[in-house]
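Protein sequences appear in the order of chains A and B.
Position one of the first sequence corresponds to residue 193 (our numbering), numbered consecutively onward.
Position one of the second sequence corresponds to residue 193 (our numbering), numbered consecutively onward.
Number of protein chains: 2
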Amino acid sequence: MTIDSVLTRIDADLDASLARLFDLVRIPSISTDPAFAAEVRRGAEWCRAALAEIGFEASVRDTPGHPMVVAHWRGPVRSESPHVLFYGHYDVQPVDPLSLWETPPFEPRLAEAAGGRKIVVGRGAADDKGQLLTFVEAARAYVAETGALPCRVTVLFEGEEESGSPSLAAFLDANKAELSHDLALVCDTNMWDPATPAITATLRGLVGEEVTITCADRDLHSGLFGGPSQNPIRVLTHLLAGLHDEQTRVTLPGFYDGVADVPPALRAQWEGLGMTPESFLGPYGLSTAAGETGRSVLEQVWARPTCEFNGIVGGYTGEGFKTVLPAQASAKVSFRLVVGQDPARIRAAFRDYITTNLPADAKASFRAHGGSPGLALPFDSPALIKARDALTREWGKPAVIIGGGGSIPVVGDFKNRLGMESLMIGFGLDDDRIHSPNEKYDLTSFHHGIRSWARVLDALAA
Amino acid sequence: MTIDSVLTRIDADLDASLARLFDLVRIPSISTDPAFAAEVRRGAEWCRAALAEIGFEASVRDTPGHPMVVAHWRGPVRSESPHVLFYGHYDVQPVDPLSLWETPPFEPRLAEAAGGRKIVVGRGAADDKGQLLTFVEAARAYVAETGALPCRVTVLFEGEEESGSPSLAAFLDANKAELSHDLALVCDTNMWDPATPAITATLRGLVGEEVTITCADRDLHSGLFGGPSQNPIRVLTHLLAGLHDEQTRVTLPGFYDGVADVPPALRAQWEGLGMTPESFLGPYGLSTAAGETGRSVLEQVWARPTCEFNGIVGGYTGEGFKTVLPAQASAKVSFRLVVGQDPARIRAAFRDYITTNLPADAKASFRAHGGSPGLALPFDSPALIKARDALTREWGKPAVIIGGGGSIPVVGDFKNRLGMESLMIGFGLDDDRIHSPNEKYDLTSFHHGIRSWARVLDALAA
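The following block contains the structure:
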């Protein structure tokens, strides 16, 4: 069977694959620092060349910021469908504080970690150079062994992911026909643990709101006016406190409209992961799931919407005390959304709640800070099931379908701009220290990541 | 009758009294600016000389800061009691912004204001040089006319009132026997309106607390942890919101213990003043009394305790948005107290409420910011009634007994350090622009203020 010979070739070529990873890590493609612009472009050129070497029609494409790499497989395929778009990013985070690195961040090395795990150390080893190369190396082995790929493949590598992706949306819009296909594959996520592969199938969306309550037209003295004059901090705290009920459910009318419960089979799988409030929150000094009563900690973070207070300020906040009745107080409030919730309706419900419940002499003004819906690949989607089974075969342990509590903007852009769902498969581990000194990528992540993509592509095309 | 001849002499000597006020205003005794230290001392010397000229045994007394002036009347008195301590301050506020003064602040002048009212313009004309001289000039006329004072009098003039009275407490403690007498007379307050004299008989006290809620041991990302992790802003707003009930009464157990209702006669008098929420709050853009339901705006500010939020801060408060779950949030909370409430018990009740109602994973820490009880001269106190009747005779209109919403620290110090009640009588007006450019004192305030003190001293000794 073809896949076995591809896997055998991957094993045989691991040293060469690793050498290529080292080459890519050596390029300091720090996107946020303009001083490294030429290095970022060198990273793009390296990726283009690697893809061209395999046989992709690959190009470096300019943007107002750092370039994109786009590559199309025009060679033979076993199956015309699906046509997948693989996304990764070749830019990396800055390295400071440099003094905390044990070896120079752009001089990658193979090291041994606790427990004898072999790791590749260097900035970008995991995020996202190691991860994106798992796909490139899988394609390389597949082509080398079979002269074809299992299905049609387009590749998009971004050079600005670590600096907010300023050029991505316009690039997707301008190249929609070229990039919009059946399914996106995004390799920027983690495994559940070093032995358990995972597919991230849901991401929460976000509505950000800033509300400012104004009462008097100036600050007043709390001795002369305390009592009769309305206090905007009092108004604000009262309103915010009313946003959650005793079960920590959000009280906005219609907030849970369209929110589906997690399917029982998936919930059972999550329960089987053995995550407790203590194990999830303990590392941060917490111990109790503070979200909706009756929901597990994983459900709370992966499958339930929230209302959170991200900032609040009003009155005197310096050292000591000032008996001021401030004129204003404001809060930054965010709602994490799950699929089925409409960001515009949630925003409207929040503003309606505030304005409807304002007491006399209090005014509210609002500022919108972003809104994006939650995303979910249906848990029974055929592509998801095929990929899950392929990962399960590779790792010898059932792949778990997990959620992501935060957003991965590119996945929203694929959905909203290209009309394309994403399958998020990655081989990072929680201890990879991405964005921190001494970033690493396990050799098993890299090796079995390559093998995994070979299997997933093979399975998707079946 | 003696008092009539004293009053006649006051009228006859008004020009000379005014000339002395001008002399004192000419001294730029700005206490907060070290560059003016010699001028502050010159102000003290001027006061000492003025009192000595009348026949007081007067001295300038050094402190670690600016000097005090202490004077004793050792001459004849009509009655040995009461022995009163008159308090005023000869220092003044800074004058900036100088550009907003129509004439130089230390070149006093007589001017005509809207409606033909004659006013003395200059820094300190009202606060407190004009006010303290009403007493000095009354004593001068009394002695000149009768060779005696009605009762025993000690005078204390402070030179640091406008810079926080740093030396006052220690000075009172060190000179307790010399300064502690039957009753303090404090001339640093206002009339109800230009035609209506007032005695301030109550002052609210204050308990200041800073509470900090800590949850996780670091800031967390609201996508990865939003839901299960406890949010200190949520905890804080919930706790603060619980401090007031639907009637805006403070919910702390025992908070109203010892709080007496305003006597019906006094409440009727306050109602007769015609103050509405609109007239009290309108100038500040407010219109509705936001304190305890069912209490008038004057009752809310003069006679009822409050819980106010003076500052709150937590999380991200800069421009834009950050999806942070902060580790901490804190608030500055103050309680205005009326007589009968124990600051220590109120502080303890607040801390107990917070700690008792903390949810899991939330810790609270506290910082005390001052505590002082409310003060009240009993409304049926004989001295109060005598003074009220004397003022009523002078102004031809019933003097009103009012409250002060804030604290006047010296009154608390007299009470707590010298065991002495204070009668707060002053002739300032709300439009005197104290602390602001173009400060003024009405000539009627000065003239009838002098006459008022003659009558009050006469009445107290009766």
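Think of the CB as a built atom: it goes at the ideal place given N, C-alpha and C, for glycine as much as any other residue.
Practice task
Quick one: using the 10 Å Cβ neighbour count with 16 as the cut-off for buried, is histidine 627 of chain A buried or exposed?
Solution key: Label assigned to histidine 627 of chain A: exposed.
Handout entry: Per DSSP, cross-strand counterpart(s) of glutamate 401 of chain B
Key = Answer by DSSP bridge pairing, in chain order: B:Val525, B:Ala560.
Practice task
Pull up the distance between the alpha-carbon of isoleucine 405 of chain B and that of leucine 435 of chain B, whole angstroms please.
Solution key: Going by the C-alpha atoms only, they are around 16 Å apart.
Problem - CB of proline 497 of chain A within 9 Å of CB of alanine 481 of chain A, strictly - result: For the 9 Å CB-CB criterion, proline 497 of chain A and alanine 481 of chain A do not form a contact.
Exercise for the section: Return yes when the Cβ of glycine 598 of chain A is within less than 9 Å of the Cβ of threonine 515 of chain B, no when it is not. Expected result: In this structure, glycine 598 of chain A lies closer than 9 Å to threonine 515 of chain B by Cβ.
Exercise for the section: Please report the Cβ distance between alanine 244 of chain B and isoleucine 642 of chain B, rounded to the nearest whole angstrom; I am assuming they are in contact, meaning their Cβ atoms lie under 8 Å. Expected result: Taking the Cβ atoms as the reference, alanine 244 of chain B lies roughly 19 Å from isoleucine 642 of chain B, outside the contact range of under 8 Å.
Handout entry: Beta carbon of serine 522 of chain B nearer than 9 Å to that of glycine 322 of chain B
Key = Result no, Cβ atoms of serine 522 of chain B and glycine 322 of chain B do not sit closer than 9 Å.
Problem - Through-space distance from aspartate 534 of chain A to valine 451 of chain A, alpha-carbon basis - result: Answer to the nearest angstrom: the Cα atoms are 10 Å apart.
Exercise for the section: In angstroms with no decimal places, state the Cα-to-Cα distance between threonine 295 of chain B and valine 312 of chain B. Expected result: So the two alpha carbons sit approximately 12 Å from each other.
Problem - Chain-ordered chain B contacts of lysine 524 of chain A [CB-CB under 8 Å] - result: Going along chain B in sequence order, the residues near lysine 524 of chain A (Cβ under 8 Å) are Gly507, Tyr508, Thr509, Phe513, Lys514.
Practice task
Verify the contact flag: aspartate 254 of chain A, CB atom, against every heavy atom of the ligand GTP, threshold strictly below 8 Å.
Solution key: Ligands are entirely absent from the displayed structure, and the ligand GTP is therefore not among its contents.
Exercise for the section: Report the three-state DSSP secondary structure of alanine 263 of chain B (helix, strand or coil). Expected result: Alanine 263 of chain B falls in the strand class under three-state DSSP.
Handout entry: Chain-ordered neighbours of cysteine 239 of chain A on chain B, where CB pairs are closer than 7 Å
Key = Within chain B, no residue has its beta carbon less than 7 Å from that of cysteine 239 of chain A; the closest one is some 28 Å off.
Practice task
Would you tell me roughly how many angstroms separate the C-alpha atoms of alanine 191 of chain B and serine 273 of chain B, rounded to the nearest one?
Solution key: This structure cannot speak to residue 191 of chain B, because chain B is shown only from 193 to 654.
Exercise for the section: Give the single residue among A:Trp293, A:Gly400, A:Asp205 whose Cα lies nearest to the Cα of proline 334 of chain A. Expected result: In the sequence as displayed, the identity of residue 334 of chain A is tyrosine instead of proline. With respect to the C-alpha of tyrosine 334 of chain A, the residue from A:Trp293, A:Gly400, A:Asp205 having the closest C-alpha is A:Asp205.
Problem - Alpha-carbon spacing of arginine 344 of chain A relative to aspartate 650 of chain A, whole angstroms - result: Roughly 11 Å separates the two Cα atoms.
Problem - Length-filtered (4 minimum) alpha helix (DSSP H) runs lying within the segment 608-648 of chain B - result: Runs of the alpha helix (DSSP H) inside the segment 608-648 of chain B: none found.
Exercise for the section: Spell out whether any CB of chain A is found under 9 Å from the CB atom of arginine 496 of chain B. Expected result: Arginine 496 of chain B belongs to the set of residues whose beta carbon lies under 9 Å from a beta carbon in chain A.
Exercise for the section: Name the residue from A:Val531, A:Val198, A:Thr346 whose alpha carbon lies nearest to the alpha carbon of alanine 369 of chain A. Expected result: Looking at the Cα atoms, A:Thr346 is the closest of the given residues.
Practice task
Please confirm if isoleucine 504 of chain A has its CB atom under 9 Å from at least one CB of chain B.
Solution key: Yes, contact with chain B.
Exercise for the section: Let me know if glycine 588 of chain B comes out buried or exposed under the rule of 16 or more other beta-carbons within 10 Å of its beta-carbon. Expected result: Exposed.
Handout entry: First and last residue of the uninterrupted beta strand (DSSP E) at threonine 515 of chain A
Key = Here threonine 515 of chain A belongs to no beta strand (DSSP E), and DSSP marks it neither H nor E.
Practice task
Per DSSP, which residues does phenylalanine 567 of chain B bridge with? Please list them.
Solution key: Reading off the sequence, residue 567 of chain B comes out as leucine, not phenylalanine. Beta bridge pairing from DSSP links leucine 567 of chain B with B:Leu395.
Exercise for the section: Determine, using beta-carbon pairs with one atom in the segment 298-310 of chain A and one in the segment 209-220 of chain A, whether at least three such pairs fall under 8 Å. Expected result: The answer is yes - the segment 209-220 of chain A touches the segment 298-310 of chain A, with three or more Cβ pairs under 8 Å.
Handout entry: Secondary structure, alpha helix (DSSP H): runs of 4+ residues fully inside the segment 578-604 of chain B
Key = As far as the segment 578-604 of chain B is concerned, it has no whole alpha helix (DSSP H) run of at least 4 residues.
Handout entry: Boundaries of the alpha helix (DSSP H) in which histidine 436 of chain B is found, first to last residue
Key = Taken as a continuous stretch (DSSP letters only), histidine 436 of chain B belongs to no alpha helix (DSSP H), as it is neither H nor E.
Exercise for the section: State yes or no: is the beta carbon of glutamine 285 of chain B nearer than 9 Å to at least one beta carbon in chain A? Expected result: Judged by the 9 Å Cβ criterion, glutamine 285 of chain B is not in contact with chain A.
Exercise for the section: Thinking valine 648 of chain A and isoleucine 600 of chain A are a contact (beta carbons under 8 Å), I'd like their distance in whole angstroms, please. Expected result: About 18 Å; that fails the 8 Å criterion.
Exercise for the section: Count the other CB atoms, across all protein chains shown, that sit within 10 Å of the CB of asparagine 423 of chain B; report buried if there are 16 or more and exposed otherwise. Expected result: Asparagine 423 of chain B should be labelled buried.
Practice task
Using a threshold of 9 Å, state whether the C-beta atoms of phenylalanine 447 of chain B and isoleucine 577 of chain B are closer than that.
Solution key: Cβ distance not < 9 Å, so phenylalanine 447 of chain B and isoleucine 577 of chain B don't count as in contact.
Exercise for the section: Would you please verify whether the beta carbon of threonine 485 of chain A is less than 9 Å from any beta carbon of chain B? Expected result: The beta carbon of threonine 485 of chain A sits no closer than 9 Å to any beta carbon of chain B.
Handout entry: Cα-Cα separation, arginine 201 of chain B to alanine 654 of chain B
Key = Arginine 201 of chain B and alanine 654 of chain B have their C-alpha atoms spaced approximately 21 Å apart.
Practice task
Would you check if the segment 437-446 of chain B and the segment 541-561 of chain B touch, i.e. whether three or more CB-CB distances between them fall below 8 Å?
Solution key: Put simply, the segment 541-561 of chain B touches the segment 437-446 of chain B. At least three CB pairs are less than 8 Å apart.
Practice task
Provide the residue span of the beta strand (DSSP E) that contains arginine 344 of chain B, from first to last.
Solution key: First-last of the beta strand (DSSP E) with arginine 344 of chain B: 344-350.
Practice task
Could you list which residues in chain C have their beta carbon closer than 7 Å to that of alanine 408 of chain A, in chain order?
Solution key: Here the protein chains are A and B, and chain C is not one of them.
Exercise for the section: Could you tell me whether any Cβ in chain B is nearer than 9 Å to the Cβ of leucine 621 of chain A? Expected result: Output row for leucine 621 of chain A: interface = no.
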